[in-house]
Structure formats: structure tokens, C-alpha cells
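Those sequence lines, one after another, are chains A and B. Numbering of the first sequence is given in the working numbering, commencing with residue 1005 and proceeding in unit increments. Numbering of the second sequence is given in the working numbering, commencing with residue 4 and proceeding in unit increments. The next block holds one structure in the form of C-alpha cells; read it before the comments.
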Amino acid sequence: MPSVAHPRQPNVEILELREDYMTFILSKTDVSVANALRRIMIAEVPTMAIDLVEIEDNSSVLHDEFISHRLGLIPLSSHQMKKFHYTRDCSCQVNCENCSVEFSLNVSCMDDSARDVTSLDLISRSHDVQPVHNDEHSRGAQGILIVKLRRGQGIRVRAIAKKGTGKEHAKWSPVATVTFQYDPDVRLNDVRVMELTEQQKQDFVGSCPTKVYRYNEQPTPQHPSIEIEDAGKCMYCMECKKKADEMGKPDLVSVNQKNDRFIFTVETTGALRPEEVFLSALEILKLKLDFLHRQMQETQLS
Amino acid sequence: EEAWMNAPDRFELFTLGDNEKKVVFTKDTKVRDAASFIIAKEDHTLGNILRMQLLRDKEVLFAGYKVPHPLETHFVVKIQTTPTSTPMVAIQNSISELISEASLIEERFKAELQRKRGPEQMYM
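Laid out in C-alpha cells, this is it:
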């Protein structure tokens, strides 16, 4: 029996969706919900990452733990996370196929030219969990560079990848960056606009670094002399407000935030697709709340 | 030789200890219809949304949360309600409402994905 005034009806509108990048608008919800989802996407969505490295041979210029650290940071495709247990929860003794994936790296340099050891050389035992190499669109060599070898140098390594979350170590974070910002609410005072000279209008439009406004030389009823071209480009730098103050018209424009609309940007490492990250975050939020609910009921009974 | 000899294991940030309870309820001795809940192994992610949702409840007179120390992963929620309700009821309702809201967002997002992707199946 909800005793809340009116339950919210959140809405989602996807603006852009790519392999590793997504922007969408989440609206009609509170900033704490948006922030909770952002925090979960960064720290609590599980992925696979190399966590145990057994080095059989390393004659490269980088020392063992240096290379192990780099191996841990390589993003591994983690679309099948539901199949894996956390190693600490697994019924096996040390490792098994249900909680880990084995990788091998075996490269030696025989010829005179330098040999780049990259993520392409990292061989996985599982078809589902593979290193994410640079995408095909980026210029330069493919594969993430691990170490460079000279003639006579070699590296032979057995690496075990395990399931984990960003809370434990940043290598498990599926996300390169998640941000959200308020949707800008920019309004012009038409009466004040009419009071400006043409030069002042142009100065005002020019003061915005991201071209939120447009100046129309021949104004029509549909397109007044100062028009808001794209409020979404606003960065709240307040240069236009400063300009308006300078011109003696402080109420010329109001720049505010719509405090129930959030523009999310999700950029992933490639381990997961951005929509998978967000859906996983929602599921994790529900799981946390469910667990808390049950524990509350138990506490109530005792 | 390790610089982090005193640091606890990282998994202690989210795994309950052996004798640790997720929720500890403490009734307030001086104020009627008020209580504190200590939620273990959780942080601002849950604390802030719980507090926000409690404040939307008409029967809630006071609701606040804090993380007493950043090195200890728990938070405390303090709730005071009108005599017609109790803090336990209020927090239970808030949790339920948050679960519904999360489900709604999930539905809306999945619907948007279908729309964006067209008739092509989602590959999850």
C-alpha cells in the first residue's frame, strides 16, 4: 500500500547506440536513482579479467609483475557472465571450468626485428571469453600491446581469468566511462531580446562556445533574431549570462537544469556491450533491493 | 615487505562476515516511532536511493542516512514516522517501490532497444 504522493513513471529514450558507446535520456526519476545506476555500472557489473599469472619464462625487458599487471588490465569479452561462478563461491578446490578461464601466452623473438607481443597472442581455452583487441576502425596495429621483444627474448605464461567486479579491482570494470548530466533548460526573454541592438545580439550569440544560439539577420515569426539552435549543447559555462550582465540585461536568458531528465553516456571497454552493462546494472540494483527486503522481513520477525 | 599489511581483503567490501547480519534494527529510546537501521556491506548506492524514497512517503516525518566512516562499509538510516505508521513499515514500502521503479526502467529500456534495433533479435 503505497503512501507516496504519485509513483514515478520513469522513461528511457535511446539517442545513440554503437558497439562500445551509447547515449540515452533517462527521465521522470530522481537523481539518486540515476547516480545509483552509474555507480553500479562502474563498480558492480561483473566481468572476466586475468587474475592469476604463472610465469614459466620471461626474458623480456619488463619484469614479471609488470607484465602480470598489464595482462590483468586487458579487457576480456564477458557476455556469458551468468555461466560463471565467483571462484570463492565455486564448489571446486582451486579452479575449474565453471569459475575460471585459462589463457596461454607463448612468444619468442628469433629474427632481428622487434616482435610486438599483443593481445592477439593471448590464446584462450574458452570460445566465449576472448581478449578484446582494438577495434577495426582504429588506425595502427591491432591488438593491445603487452611487451616488445628483441632477438633472443621470449615470454611463456599461463594466465587464469576469473569473474570479478570493479569494487574489487578496476580491471573488472566493464566501462571506460559512464557519465550523466542534467538536460539543459535554456530560455530567452523575448522582451529583452527586442531591446538589444543588432551588434549586441551578435555578441551575445557569439559568446557561447558551443553554439547554443543562432543569430538570424532576417527574423521571421518562426525564427526570431536570437534563436536557440540546440539547448543540448549547453555546458553551463554561463558565458552567455556574463554577457547579458555586461550588457545590462541580466534577465535576458535563464540557464537551468531540468532536474528529472538525465543524459547518460556509457562507453565500454569492449568486454560488454553498453546495453548489456545498463541492463546488468538494473538487474543488480533489483537483486540488492530484493536481498535487503528479505533481510528486513527476517529482522522484523525476530 | 608488503605496504598493505593492515588492509582488509577487497572482497570484504561486499561479502557479509561470518556472524554479520545484513540489517540491525535499533528502536530509538527517546523519540516515539523512530528507529535506526544499520545496513552492512552497502554504500551510498543503496543509502541515497533509500533515503530519497523514504522522504516521498507521507507518513515519514524524518529520514536521513550517513556512512559513518569511509573505511567501514555500512550505512545507517534513521527514520521517524507519524503514529499511524512505523519505521519498519516505511522502509519496507520504500524498498518495494524502488524495486518497482527499477523494473519499470528495465521495461522501458528493453522496449527502446527493440524500437532502435528494429525487428532484429537482441543477442542476449
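For every residue, glycine included, the Cβ atom is placed at its ideal position computed from N, Cα and C. Small disclaimer: the values here were computed from a predicted structure and weren't measured.
So the candidates are A:1021, A:1053, A:1038, A:1108; which of them puts its Cα closest to the Cα of residue 51 (chain B)?
Position 48 of the second sequence, counting from 1, holds the residue named residue 51 (chain B). Closest option to residue 51 (chain B), Cα to Cα, is A:1038.
Run through DSSP, which three-state label would residue 1118 (chain A) get?
The residue you call residue 1118 (chain A) lines up with position 114 of the first sequence. It is coil, neither helix nor strand.
Would you kindly work out how many angstroms separate the C-alpha atoms of residue 127 (chain B) and residue 1055 (chain A), rounded to a whole number?
Residue mapping note: residue 127 (chain B) aligns to position 124 of the second sequence, counting from 1. Residue mapping note: residue 1055 (chain A) aligns to position 51 of the first sequence, counting from 1. A caution first: residue 127 (chain B) carries a pLDDT of 47, below 50, which makes its placement in the model unreliable, though a value can still be read off. So the alpha carbons of these two residues sit roughly 26 Å apart.
Secondary structure at residue 1171 (chain A), three-state DSSP: helix, strand or coil?
Walking along the first sequence from the start, residue 1171 (chain A) turns up at place 167. Residue 1171 (chain A): coil per DSSP, three-state reduction.
Within its chain, find whatever has a CB closer than 8 Å to the CB of residue 1261 (chain A); leave out the 5 residues flanking it on each side and keep chain order.
The count along the first sequence starts at 1 and reaches residue 1261 (chain A) at position 257. Only 1186, 1187, 1188, 1189, 1240 meet the Cβ criterion.
Could you pull out every residue in the same chain whose Cβ sits closer than 8 Å to the Cβ of residue 1272 (chain A), ignoring the five residues on either side in sequence?
What you label residue 1272 (chain A) is simply residue 268 of the first sequence in a count that begins at 1. Excluding sequence neighbours, residue 1272 (chain A) sits near 1024, 1025, 1178, 1179, 1180, 1278, 1281.
State the start and end residues of the unbroken alpha helix (DSSP H) segment that holds residue 1302 (chain A).
Residue 1302 (chain A) sits at position 298 when you count from the first residue of the first sequence. Element bounds for residue 1302 (chain A): 1278 to 1305.
Compare the C-beta of residue 4 (chain B) with all C-beta atoms of chain A and state if any pair is closer than 8 Å.
Along the second sequence, read from residue 1 onward, the residue named residue 4 (chain B) stands at position 1. Annotation note: pLDDT 42 at residue 4 (chain B) (below 50); position unreliable, coordinate value reported separately. No, residue 4 (chain B) lies away from the interface with chain A (no Cβ there is under 8 Å from its Cβ).
What residues from chain A crowd round residue 23 (chain B), counting only those whose CB sits closer than 8 Å?
Residue 23 (chain B) sits at position 20 when you count from the first residue of the second sequence. Within 8 Å Cβ-Cβ: nothing; residue 23 (chain B) doesn't reach chain A, min ~11 Å.
With burial defined as no fewer than 16 other Cβ atoms inside 10 Å of the residue's Cβ, what is the status of residue 1229 (chain A): buried or exposed?
Within the first sequence, numbered from 1, the residue matching residue 1229 (chain A) stands at position 225. Counting Cβ neighbours within 10 Å, residue 1229 (chain A) comes out buried, since at least 16 surround it.
So, for residue 1183 (chain A): in the same chain, excluding its five sequence neighbours on each side, which residues have a beta-carbon less than 6 Å away from its beta-carbon?
The sequence position of residue 1183 (chain A) within the first sequence is 179, counting from 1. So the list reads 1269, once near-sequence residues are dropped.
What residue range does the alpha helix (DSSP H) around residue 90 (chain B) cover?
The residue labelled residue 90 (chain B) in the question sits at position 87 within the second sequence. Looking at the DSSP string, the run of the alpha helix (DSSP H) that includes residue 90 (chain B) is 90 to 120.
Using 10 angstroms around the beta-carbon of residue 1213 (chain A), count the other beta-carbons present and answer buried if the total reaches 16, otherwise exposed.
Locating residue 1213 (chain A) in the first sequence gives position 209, counting from the first residue. The residue in question, residue 1213 (chain A), is exposed, as its Cβ has fewer than 16 Cβ neighbours within 10 Å.
Look at residue 67 (chain B) and residue 59 (chain B) and say whether their C-beta atoms are less than 8 Å apart.
Numbered from 1 along the second sequence, position 64 holds the residue referred to as residue 67 (chain B). Numbered from 1 along the second sequence, position 56 holds the residue referred to as residue 59 (chain B). In this structure, residue 59 (chain B) does not lie closer than 8 Å to residue 67 (chain B) by Cβ.
Just checking: is the beta-carbon of residue 83 (chain B) within a distance shorter than 8 Å of some beta-carbon in chain A?
In the second sequence, the residue the question calls residue 83 (chain B) occupies position 80. No - not a single Cβ of chain A is within 8 Å of the one on residue 83 (chain B).
Taking 8 Å as the CB-CB limit, is residue 49 (chain B) close to chain A?
For the purposes of this step, residue 49 (chain B) is taken as residue 46 along the second sequence, with counting starting at 1. Cβ-Cβ to chain A under 8 Å: yes for residue 49 (chain B).
Taking a Cβ distance cut-off of 9 Å, strictly less, list which residues of the region 26 to 49 of chain B are near chain A, in chain order.
Cβ contacts with chain A: 26, 27, 28, 40, 42, 45, 46, 47, 48, 49.
Answer with buried or exposed for residue 1258 (chain A), where buried requires no fewer than 16 other C-beta atoms within 10 angstroms of its C-beta.
For the purposes of this step, residue 1258 (chain A) is taken as the residue at position 254 of the first sequence. Flag for residue 1258 (chain A) reads exposed.
Got a sec: is the Cβ-Cβ distance from residue 1034 (chain A) to anything in chain B below 8 Å?
For the purposes of this step, residue 1034 (chain A) is identified with residue 30 of the first sequence, where counting begins at 1. Cβ-Cβ to chain B under 8 Å: yes for residue 1034 (chain A).
Are the CB atoms of residue 1237 (chain A) and residue 1196 (chain A) nearer to each other than 8 Å?
In the first sequence, counting from the first residue as 1, residue 1237 (chain A) sits at position 233. In the first sequence, counting from the first residue as 1, residue 1196 (chain A) sits at position 192. No, Cβ-Cβ distance for residue 1237 (chain A) and residue 1196 (chain A) is not below 8 Å.
State the Cα-Cα distance for the pair residue 1150 (chain A) and residue 1019 (chain A), rounded to the nearest angstrom.
Start at 1 with the first residue of the first sequence, and residue 1150 (chain A) comes out as number 146. Start at 1 with the first residue of the first sequence, and residue 1019 (chain A) comes out as number 15. For residue 1150 (chain A) and residue 1019 (chain A), the distance between alpha carbons rounds to 36 Å.
Hey, could you find the ends of the alpha helix (DSSP H) residue 1042 (chain A) is sitting in?
Counting from 1 along the first sequence, the entry for residue 1042 (chain A) is found at position 38. 1035 to 1047 is the span of the alpha helix (DSSP H), which, as asked, contains residue 1042 (chain A).
Taking residue 43 (chain B) as the reference, give the member of B:27, B:97, B:115 with the closest Cα.
Mapped onto the second sequence, residue 43 (chain B) falls at position 40. The shortest Cα separation from residue 43 (chain B) among B:27, B:97, B:115 belongs to B:27.
Could you check whether residue 31 (chain B) and residue 89 (chain B) sit closer than 8 Å to each other, using their CB atoms as the reference points?
Translated into the one-based positions of the second sequence, residue 89 (chain B) becomes position 86. Translated into the one-based positions of the second sequence, residue 31 (chain B) becomes position 28. Cβ distance not < 8 Å, so residue 89 (chain B) and residue 31 (chain B) don't count as in contact.
So for residue 30 (chain B), helix, strand or coil by DSSP?
Residue 30 (chain B) sits at position 27 when you count from the first residue of the second sequence. Three-state DSSP puts residue 30 (chain B) in a strand.
Take residue 1094 (chain A) and list the residues in its own chain whose beta-carbon comes closer than 7 Å to its own, dropping the five residues that flank it on each side.
One-based indexing of the first sequence puts residue 1094 (chain A) at position 90. Excluding residues within five positions, the ones whose Cβ falls inside 7 Å are 1100, 1102, 1103.
Please report the straight-line C-alpha distance between residue 1156 (chain A) and residue 1173 (chain A), rounded to a whole angstrom.
One-based indexing of the first sequence puts residue 1156 (chain A) at position 152. One-based indexing of the first sequence puts residue 1173 (chain A) at position 169. If you take the alpha carbons of residue 1156 (chain A) and residue 1173 (chain A), they lie about 35 Å apart.
Is residue 1136 (chain A) helix, strand or coil by DSSP?
For this step, residue 1136 (chain A) is matched to residue 132 along the first sequence. Residue state, collapsed to three classes: coil.
Applying the criterion that 16 or more other CB atoms from any shown protein chain within 10 Å of the CB defines a buried residue, is residue 1209 (chain A) buried or exposed?
Working through the first sequence from its first residue, we reach residue 1209 (chain A) at position 205. Under this definition residue 1209 (chain A) is a buried residue.
Kindly list the residues whose CB is nearer than 6 Å to the CB of residue 1045 (chain A), restricted to its own chain and excluding five residues on each side of it in sequence; keep chain order.
Start at 1 with the first residue of the first sequence, and residue 1045 (chain A) comes out as number 41. If we look at residue 1045 (chain A) and ignore the five residues flanking it on each side, its Cβ neighbours are 1179, 1182, 1281, 1285.
Can you pull the chain A neighbours of residue 119 (chain B), defined as C-beta to C-beta under 8 Å?
As a first step, residue 119 (chain B) is located in the second sequence; it is residue number 116 there, counting from the start. The contacting residues are 1018, 1021.
Tell whether a beta-carbon distance below 8 Å holds between residue 1202 (chain A) and residue 1220 (chain A).
Position 198 of the first sequence, counted from the start, is the residue given in the question as residue 1202 (chain A). Position 216 of the first sequence, counted from the start, is the residue given in the question as residue 1220 (chain A). Contact: no.
Drop a sphere of 10 angstroms on the beta-carbon of residue 9 (chain B), count the other beta-carbons inside from all chains shown, and report buried for 16 or more, exposed for fewer.
Your numbering for residue 9 (chain B) matches position 6 in the second sequence. By the 10 Å Cβ count, residue 9 (chain B) comes out exposed.
What did DSSP end up calling residue 1375 (chain A) once you bin it into helix, strand or coil?
Because chain A is modelled from 1005 through 1306, residue 1375 (chain A) falls outside the range shown and cannot be assessed.
Taking 8 Å as the CB-CB cut-off, is residue 8 (chain B) touching chain A?
For this step, residue 8 (chain B) is matched to residue 5 along the second sequence. Taking Cβ atoms only, chain A never reaches closer than 8 Å to residue 8 (chain B), which makes this a no.
Tell me which residue opens and which closes the alpha helix (DSSP H) that residue 1072 (chain A) is part of.
Against the first sequence, residue 1072 (chain A) aligns to sequence position 68. Looking at the DSSP string, the run of the alpha helix (DSSP H) that includes residue 1072 (chain A) is 1068 to 1077.
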